[in-house]
Amino acid sequence: MSGISNWKRSLRLLWGGHFLSIASLTAIAPFLPMYMEEMGEREDVLLWSGLALAAPALSYALTAPLWGKLGDRIGRKWMVVRALLGLSVVLIAMGFAQTPAQMLLLRLLQGMFGGVVDAGAAFAGGAVPENKRGKALGKLEGAVAAGSFAGPLIIGLFWGLVGFNTLLLLFGVLLLAWSIIAAFGLNEGGRKRENITKPAGVLVVLRHLFADRRCSAFIIAGICANIGAYGLVSVFAPHVKQMVGDSGRAAMWIGVLQGVTWAASWAAASWWGRRNDTASVERNFAWAAALCCAAVMLQAAVSRPEWLVALRLLQGFGFSALLQSVFFVVCRTSSADNRGTSIGSASSLLVIGQIVGPLTGGLVAGWFSPAFVFIQFGAFFGLGALMVLAASRAALDLPVKGVSR
């Protein structure tokens with residue numbers, strides 16, 4: 001098999017792993033409170049649900065750089081297999097969970113042993129030719145969007161037929177099968193053990209990433225983008241309900257609007273990835289973030305849900321460019337022997353936005369109108385765009401160097 005067909009085949013396997021893992025995870029989150037109630041938890045269901053929703057991000061932030069470093073040492077293929085296998089085991093165990101405490105523990109383990117997206121990005125960053133790296137990361141971002149679109153839809157359609165437990169078991173078995181396929185099918189072409197130096201430590205890698213003005217600007221801008229995106233979660237549903245009044249119609253519109261957002265991301269992700277290979281990644285990020293900024297802010301001004309459709313399409317179109325551009329720059333900044341550690345460390349930092357966003361949204365929404373909150377979170381996207389543009393002029397003239405000990 002030629003080198004070209006090797007990386008293309010591996011990319012297809014990564015796409016499938018991304019899709020299955022994200023579909024399973026996005027299927028869990030919206031329905032977790034209902035699952036907690038089925039376990040018999042009535043009084044503190046919101047508390048347990050909140051803890052279980054936040055748990056994976058915390059454990060993931062602590063372990064992602066360590067898994068990345070291990071991948072640099074033993075091979076990134078095995079980190080993809082490990083992440084798929086770890087998630088499959090956790091999902092199967094969730095299908096047998098009996099109490100909210102057990103579910104909370106399993107969600108912590110999910111964050112600790114998962115990380116399919118990061119493992120796949122690290123693999124693609126090394127296995128795919130450099131001039132195709134943006135295209136590859138764009139396709140993987142498309143798989144994330146496709147999984148985010150399909151997961152809640154699958155649960156919504158089949159919960160009443162087979163039950164949540166059975167669906168968790170099904171997702172777990174599918175991921176288990178995919179981990180076996182990945183173990184035999186992924187090929188890191190060109191990564192030879194004798195050419196691999198000892199990976200740098202996590203702190204060394206972090207210092208290197210932040211010593212590069214361009215890379216540090218992208219990471220901080222990515223955190224801002226996550227604050228904006230995840231912060232909207234706390235106010236979006238109440239905003240839609242306030243528009244339509246009726247809870248049933250609100251639920252329908254929320255589902256439709258979420259769907260069109262992810263559909264737009266799915267459609268646009270590969271296009272942005274190809275642009276990163278051929279055009280300035282700084283300009284791509286800035287335009288995409290500015291588009292998100294405008295789309296989110298304008299959502300505060302409309303009074304009918306029909307107008308939100310176009311704005312959510314624009315938001316999804318722009319957001320699909322942002323995180324893949326961060327990883328694209330991290331791959332360029334890091335050396336081949338420390339790429340996994342670099343991506344894991346960057347991903348760990350991006351989780352800050354996932355945590356700060358909902359917390360900020362919950363606090364601000366209690367004091368200000370939904371319109372103000374939308375404007376605030378739109379401004380985070382704008383801030384990210386400005387940071388990247390401000391750092392790009394000086395950074396473009398700097399040579400890209402790898403990490404050395």
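Take my numbering: the last position of the sequence shown gets the number 405, and nothing is skipped along the way.
Positions of the beta carbon are idealized from the N, C-alpha and C atoms, including for glycine.
### Task
Determine the extent of the alpha helix (DSSP H) in which S148 is found, giving its start and end residues.
For S148, the enclosing alpha helix (DSSP H) has its first and last residue at 133-162.
### Query
Among residues of its own chain, excluding the 5 on either side of L104, which ones have a beta-carbon nearer than 8 Å to its beta-carbon?
Same-chain partners within the cutoff: W48, L51, A52, A55.
### Message
Spatial neighbours of V81 within its chain, please: C-beta separation below 8 Å, excluding the five flanking residues on both sides.
### Response
Within the same chain, V81 has close Cβ partners S179, A182, A183, L186.
### Task
Give the straight-line distance between the Cα atoms of N284 and L137, rounded to the nearest whole angstrom.
So the alpha carbons of these two residues sit roughly 14 Å apart.
### Query
Mind checking T360: buried by the 16 CB within 10 Å criterion, or exposed?
Taking every protein chain shown into account, the CB of T360 has 16 or more other CB atoms within 10 angstroms, so this residue is buried.
### Member of A119, L87, A27 whose CA lies at the smallest distance from the CA of A64
Closest by alpha carbon: A119.
### Message
Please identify the residue among G125, P100, M94 whose C-alpha is closest to the C-alpha of P33.
### Response
Checking every option, the nearest Cα to that of P33 belongs to P100.
### Task
To the nearest angstrom, report how far apart E130 and S334 are at their CA atoms.
Spanning the two alpha carbons is a distance of roughly 13 Å.
### CB-CB length for I22 against G147, believed under 8 Å
With a Cβ gap of about 3 Å, I22 and G147 count as contacting.
### Task
Using a threshold of 8 Å, state whether the C-beta atoms of T341 and K77 are closer than that.
For T341 and K77, no; Cβs fall outside 8 Å.
### Task
Return the chain-ordered list of same chain residues with a C-beta closer than 6 Å to the C-beta of S348, the five sequence neighbours on each side being excluded.
Its chain contains A61, A64, P65 as the residues whose beta carbon lies nearer than 6 Å to that of S348, once the 5 sequence neighbours on both sides are disregarded; these appear in chain order.
### Query
Hey, which unbroken runs of the beta strand (DSSP E) at 3 residues or more fall wholly within the region 45-118?
None, since the region 45-118 contains no complete beta strand (DSSP E) of that length.
### For G16, the three-state DSSP class (helix, strand or coil)
Correct three-state label for G16: helix.
### Query
In three-state terms, what does DSSP make of D337?
It is helical.
### Message
According to DSSP, simplified to helix, strand and coil, what is V128?
### Response
In the structure shown, V128 sits in coil (DSSP, three-state: anything other than H, G, I, E or B).
#### Entry: DSSP state of W367 mapped onto helix, strand, coil
DSSP places W367 in coil when its eight states are reduced to three.
### Task
Tell me, please, whether the region 227-244 touches the region 374-392 by the rule of three or more beta-carbon pairs shorter than 8 Å.
Using a Cβ-Cβ distance cut-off of 8 Å, the region 227-244 and the region 374-392 are in contact, since at least three pairs of beta carbons, one from each stretch, lie closer than that value.
### Query
To the nearest angstrom, how far is it from the Cα of V413 to the Cα of L314?
Because residue 413 is not part of the residues shown, which for the chain are 1 to 405, the question remains open.
### Query
My guess is that A121 and M79 are in contact by the Cβ rule of under 8 Å, so how many angstroms apart are they, rounded?
Incorrect: roughly 11 Å between the Cβ atoms, too far for contact.
### Query
Exposed or buried, which one is D246 when buried takes at least 16 other CB atoms within 10 Å?
Around the Cβ of D246, a 10 Å sphere holds fewer than 16 other Cβ atoms; the residue is exposed.
### Within the region 241-326, ranges of the alpha helix (DSSP H) (whole runs, at least 4 residues)
Secondary structure in the region 241-326: the alpha helix (DSSP H) runs of 4 residues or longer, each lying completely within the stretch, are 247-278, 281-298 in chain order.
### Task
Output yes if chain B places a C-beta closer than 8 Å to the C-beta of R332; else output no.
You won't find chain B in this structure, because it holds only one protein chain.
#### Entry: Contacts around G353, its chain only, beta-carbon distance under 6 Å, and the 5 residues preceding and following it disregarded
The answer, listed in chain order, is I223, N226, I227.
### Task
Tell me, please, whether the region 84-103 touches the region 142-162 by the rule of three or more beta-carbon pairs shorter than 8 Å.
Using a C-beta cut-off of 8 Å, the region 84-103 makes no contact with the region 142-162, since fewer than three inter-stretch Cβ pairs fall below that distance.
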